[in-house]
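K.L.:
The sequence shown begins at -19 in the working numbering and counts up one residue at a time.
Every residue gets a Cβ at the ideal spot worked out from N, C-alpha and C, and that includes glycine.
Computed from a prediction, not measured in an experiment: that's the story for all the values here.
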Amino acid sequence: MSLTTIVKGLIGQKTVHTTHLQGLTPVNQPKNHLLHEVCDEANLQTAYQWLCEQTTDSHPNNDVWDYRLNWPTRKAFVRERLLSGQFEFETVRLVEVENEQGQLERREVRCAEDRLVIRALTQVLQTVLPISKACTHVQGHGGLKQAVRETQAYFAEHPAHFVMKSDVKGYYAHISHLIINEQLRYCLPHEPELVRLIWLFMRRTTEFGGNYSDVERGLPLGGSISPLLGGLYLTPMDALFEHNKGIFYRRYMDDWIIIQEKRHSLRKSVKIVYDILDALGMQTHPDKTFIGKASKGVSFLGFSIRPTGLTVSDAALSRRDNKIALLSERGASNRRIGLYLARWLGWACIVAPLAAHALMCEHLVVGGGLTLICYDQKIYVRRTSDGNISVSKGSLQCTSPDYNATCKKPTTDNTSGTHYYKNTTEPSSYFKCDWVAGKGYTKGTAATYTPTSPPAPAPTHSAPPPILVPFSPNGVMGTLLLLLGIVAAGLRKRWKSNSFRG
-19 MSLTTIVKGL IGQKTVHTTH LQGLTPVNQP KNHLLHEVCD EANLQTAYQW LCEQTTDSHP
41 NNDVWDYRLN WPTRKAFVRE RLLSGQFEFE TVRLVEVENE QGQLERREVR CAEDRLVIRA
101 LTQVLQTVLP ISKACTHVQG HGGLKQAVRE TQAYFAEHPA HFVMKSDVKG YYAHISHLII
161 NEQLRYCLPH EPELVRLIWL FMRRTTEFGG NYSDVERGLP LGGSISPLLG GLYLTPMDAL
221 FEHNKGIFYR RYMDDWIIIQ EKRHSLRKSV KIVYDILDAL GMQTHPDKTF IGKASKGVSF
281 LGFSIRPTGL TVSDAALSRR DNKIALLSER GASNRRIGLY LARWLGWACI VAPLAAHALM
341 CEHLVVGGGL TLICYDQKIY VRRTSDGNIS VSKGSLQCTS PDYNATCKKP TTDNTSGTHY
401 YKNTTEPSSY FKCDWVAGKG YTKGTAATYT PTSPPAPAPT HSAPPPILVP FSPNGVMGTL
461 LLLLGIVAAG LRKRWKSNSF RG
């Protein structure tokens, strides 16, 4: 299909001509004005500070250390090449790293100077590119927190409406360099050098094991300017939906949600979405598309959104638990697992509403039953009165959630039946475990008496038991035991049958 498509209007029978330039507006400034802003010493210095923060733990052989050592000279040199139009990006090196699922994947690594220039471009362009306010992942547009909260508020007010939620299959990998280059040329008519630099950023050459390849489609995942270009690419869809009366529309990168009162109106919107994506060379992800009533709820941006409330989605909880199991199998320390959970809580708790009296990030976010994190008595997570998450160093030994000495599987005093767990700061004392309906066990007051039968030691495991995975040592052993059990059961059955006949 041609990039220019004709789709029906959302209001009445009005016909709207939609192209990949729909919704974009040119930036009218003197020629190369933005290029001089990119090369401004203050802008380059800000980009350099960002580079230093990003590379504090880099390998000693990384080129960033030489670049930082000679920064004054390097700054003058890169500024001169940018202004003269002679700057070229280096070949991108591919390295294999292990992802969260324990699988190897290739990631792009750029030299220090390329990263600095890309960051300098981002700092200038993010203030001028005409990206819709409905595209919330762009800096200054509200972010995930605002998108999820506004969506849930609309659900609560309009539970009888109809919703479409979806995302693009392989979004970054399928972005057309030609289309986005034309969008940039339209938005920046007086900045040919900036457009050239972004073209070189996209149309890169990669190297892996001595083999060189030219990339002709897709954006790199790690580039600081990639989210900005990803936001710009779907602007035609933003332009059609964000200002139409009776439509709620939000987008976060390639995830979007559309809510309308009537089913037939939503059908028209769905057709428009497919036409736009087809024109841009994209398609929806079949496993992540939902069309139905708002009253049924929807999973959006990792949260389960319903008219009655907001919780973390089952998929997000599953990813969290799988990550913890993977860290445990690799022998990660309690502190490392705790730090991961702290980051996870920082993501989850900024959105999910908790009871006003709950200072800890508890069951509404974690998914049922209060559990605790122990950070080697050094780091703990707390939900502050203003609703944010505080990650601090201190003496408080346990807060929420998961996988150390907890009330989840408490020890029991044989005489009274009261549940306890050890005070990790003072091993000779114990805490009571109070049962709260809907929450499970919570930490109570310190025990003031000595049980007649000392409680058994609290669990010391830092993660759930290892999952049996085929071809891992545990998986092979589990499979063998299962087969032996099946064989033994068959032999017993046959023996009984023969004995009966005899």
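Indicate the three-state DSSP secondary structure (helix, strand or coil) for Asp20 in the structure shown.
P.N.:
Numbered from 1 along the sequence shown, position 40 holds the residue referred to as residue 20. Coil, per DSSP.
K.L.:
List the endpoints of the continuous alpha helix (DSSP H) containing Asn302.
P.N.:
Sequence index remark: in the sequence shown, residue 302 carries index 322 (1-based). It spans Asp294 to Glu309 - the alpha helix (DSSP H) in which Asn302 sits, taken as one unbroken run.
K.L.:
From Phe221 to Asp294, what distance separates their C-alpha atoms?
P.N.:
Here the question's residue 221 lines up with position 241 in the sequence shown. Here the question's residue 294 lines up with position 314 in the sequence shown. Spanning the two alpha carbons is a distance of roughly 29 Å.
K.L.:
With H, G and I counted as helix, E and B as strand and the rest as coil, what does DSSP make of Gln240?
P.N.:
As a working mapping, residue 240 is identified with position 260 in the sequence shown. Reduced to three states, the DSSP call for Gln240 is strand.
K.L.:
Touch check for the stretch 115 to 125 and the stretch 45 to 60: three-plus C-beta pairs under 8 Å?
P.N.:
Result no; under three Cβ-Cβ pairs closer than 8 Å.
K.L.:
Just verifying my parser: in three-state terms, what is the DSSP assignment at Glu162?
P.N.:
Within the sequence shown, numbered from 1, the residue matching residue 162 stands at position 182. Helix at Glu162.
K.L.:
Would you mind reading off the limits of the beta strand (DSSP E) that contains Gly272?
P.N.:
Counting from one through the sequence shown, the residue named residue 272 turns up at place 292. Where Gly272 is concerned, the enclosing beta strand (DSSP E) stretches over Phe270 to Lys273.
K.L.:
Rank Arg73, Gln2 and Leu306 by C-alpha distance to the C-alpha of Gly190 and give the top, closest one.
P.N.:
As a first step, residue 190 is located in the sequence shown; it is residue number 210 there, counting from the start. Checking every option, the nearest Cα to that of Gly190 belongs to Arg73.
K.L.:
Which runs of the alpha helix (DSSP H) spanning at least 4 residues fall entirely within the stretch 81 to 133, listed in chain order?
P.N.:
Runs of the alpha helix (DSSP H) inside the stretch 81 to 133: 92 to 105.
K.L.:
May I have the straight-line CA-CA distance separating Glu21 from Glu33, to the nearest angstrom?
P.N.:
Within the sequence shown, numbered from 1, the residue matching residue 21 stands at position 41. Within the sequence shown, numbered from 1, the residue matching residue 33 stands at position 53. Glu21 and Glu33: Cα-Cα distance of roughly 18 Å.
K.L.:
Determine the burial state of Pro266: buried for a count of at least 16 other Cβ atoms within 10 Å of its Cβ, exposed for fewer.
P.N.:
For the purposes of this step, residue 266 is identified with residue 286 of the sequence shown, where counting begins at 1. So Pro266 ends up on the exposed side.
K.L.:
Return the chain-ordered list of same chain residues with a C-beta closer than 7 Å to the C-beta of Pro139, the five sequence neighbours on each side being excluded.
P.N.:
Your numbering for residue 139 matches position 159 in the sequence shown. Here the set comprises Ala274, Ser275 and Pro287.
K.L.:
Does the stretch 158 to 166 come close enough to the stretch 304 to 312 to have 3 or more Cβ pairs within less than 8 Å?
P.N.:
Judged by Cβ distances under 8 Å, the stretch 158 to 166 makes no contact with the stretch 304 to 312, as fewer than three pairs qualify.
K.L.:
Classify Arg183 as helix, strand or coil using the three-state DSSP reduction.
P.N.:
For this step, residue 183 is matched to residue 203 along the sequence shown. It is coil, neither helix nor strand.
K.L.:
Within the chosen definition, does the stretch 104 to 120 reach the stretch 243 to 259 through at least 3 CB pairs nearer than 8 Å?
P.N.:
Result no; under three Cβ-Cβ pairs closer than 8 Å.
K.L.:
I need the DSSP call for Gly65, collapsed to helix, strand or coil.
P.N.:
Taking the first residue of the sequence shown as 1, we reach residue 65 at position 85. Note: Gly65 maps to coil in three-state DSSP.
K.L.:
If you compare alpha carbons, which of Ser206, Arg184 and Gly198 is closest to Tyr192?
P.N.:
Sequence index remark: in the sequence shown, residue 192 carries index 212 (1-based). The residue with the shortest Cα to Cα distance from Tyr192 is Arg184.
K.L.:
Which one of Phe57, Gly272 and Ser206 has the shortest CA to CA distance from Leu24?
P.N.:
Taking the first residue of the sequence shown as position 1, residue 24 is located at position 44. When only C-alpha atoms are compared, the closest one is Phe57.
K.L.:
For Ser279, which of helix, strand or coil comes out of DSSP?
P.N.:
Locating residue 279 in the sequence shown gives position 299, counting from the first residue. Reduced to three states, the DSSP call for Ser279 is strand.
K.L.:
If you draw a straight line from the C-alpha of Gly210 to the C-alpha of Phe228, how long is it?
P.N.:
As a working note, residue 210 is residue 230 in the sequence shown. As a working note, residue 228 is residue 248 in the sequence shown. Going by the C-alpha atoms only, they are around 21 Å apart.
K.L.:
Go ahead and label Glu60 buried or exposed: buried means 16 or more other beta carbons lie within 10 angstroms of its beta carbon, across all protein chains shown.
P.N.:
For the purposes of this step, residue 60 is taken as residue 80 along the sequence shown, with counting starting at 1. Exposed: under 16 other Cβ atoms inside 10 Å.
K.L.:
Thinking C-alpha only, which one of Gly465, Gln106, Ile239 and Val128 is nearest Thr291?
P.N.:
As a position in the sequence shown, residue 291 is number 311, starting the count at 1. Minimum Cα distance to Thr291 is reached at Val128.
K.L.:
In terms of residues, what are the limits of the alpha helix (DSSP H) holding Ser206?
P.N.:
Looking up residue 206 in the sequence shown gives position 226. First-last of the alpha helix (DSSP H) with Ser206: Ser206 to Tyr213.
K.L.:
Within 10 Å of its beta-carbon, does Arg300 have 16 or more other beta-carbons around it, so buried, or fewer, so exposed?
P.N.:
Translated into positions along the sequence shown, residue 300 becomes position 320. Buried, because 16 or more other Cβ atoms sit within 10 Å of the Cβ of Arg300.
K.L.:
Of the choices Val143, Gly150, Leu180 and Pro216, whose alpha-carbon is the least far from that of His244?
P.N.:
If you number the sequence shown from 1, residue 244 lands on position 264. Among Val143, Gly150, Leu180 and Pro216, the Cα nearest to that of His244 belongs to Val143.
K.L.:
Could you please give the first and the last residue of the uninterrupted beta strand (DSSP E) stretch that includes Leu4?
P.N.:
Translated into the one-based positions of the sequence shown, residue 4 becomes position 24. That residue, Leu4, is in no beta strand (DSSP E); it is neither H nor E in DSSP.
K.L.:
Can you list, in chain order, the residues of its chain whose CB lies under 6 Å from that of Ala219, leaving out five sequence neighbours each side?
P.N.:
As a first step, residue 219 must be located in the sequence shown, where it is residue number 239. So the qualifying residues of the chain are Gln2 and Gly3.
K.L.:
Going by DSSP, what residue range makes up the alpha helix (DSSP H) through Val46?
P.N.:
Taking the sequence shown and counting its residues from 1, the one referred to as residue 46 is at position 66. Looking at the sequence provided, one finds Asp at residue 46 rather than Val. Where Asp46 is concerned, the enclosing alpha helix (DSSP H) stretches over Val44 to Leu49.
K.L.:
So Arg73 is in the beta strand (DSSP E); what residue range does that whole segment cover?
P.N.:
Within the sequence shown, numbered from 1, the residue matching residue 73 stands at position 93. First-last of the beta strand (DSSP E) with Arg73: Val72 to Glu78.
K.L.:
Hey, quick one: how far does the alpha helix (DSSP H) through Ala312 stretch, first residue to last?
P.N.:
On the sequence shown, residue 312 is found 332 positions in, with the first residue counted as 1. Taken as a continuous stretch (DSSP letters only), Ala312 belongs to no alpha helix (DSSP H), as it is neither H nor E.
K.L.:
Apply the 10 Å Cβ neighbour rule to Ser206 and answer buried if 16 or more other Cβ atoms are within range, or exposed otherwise.
P.N.:
On the sequence shown, position 226 is the one that residue 206 refers to. That one is buried.
K.L.:
Looking at the secondary structure, which residues open and close the alpha helix (DSSP H) in which His141 lies?
P.N.:
Here the question's residue 141 lines up with position 161 in the sequence shown. Counting along the chain, His141 falls outside any alpha helix (DSSP H), and DSSP gives it neither H nor E.
K.L.:
Helix, strand or coil for Leu290 per DSSP?
P.N.:
The residue labelled residue 290 in the question sits at position 310 within the sequence shown. Three-state result, Leu290: strand.
K.L.:
Counting beta carbon pairs with one atom in the stretch 166 to 174 and one in the stretch 5 to 22, are three or more of them shorter than 8 Å?
P.N.:
Yes, the stretch 5 to 22 is in contact with the stretch 166 to 174.
K.L.:
Suppose you measure from the CA of Cys115 to the CA of Gly465; what does that come to, to the nearest Å?
P.N.:
Here residue 115 refers to the residue found at position 135 when the sequence shown is read from its first residue. Here residue 465 refers to the residue found at position 485 when the sequence shown is read from its first residue. Approximately 56 Å, taken between the alpha carbons.
K.L.:
For Val18 versus Leu101, is the C-beta spacing smaller than 8 Å?
P.N.:
Walking along the sequence shown from the start, residue 18 turns up at place 38. Walking along the sequence shown from the start, residue 101 turns up at place 121. Result yes, Cβ atoms of Val18 and Leu101 sit closer than 8 Å.
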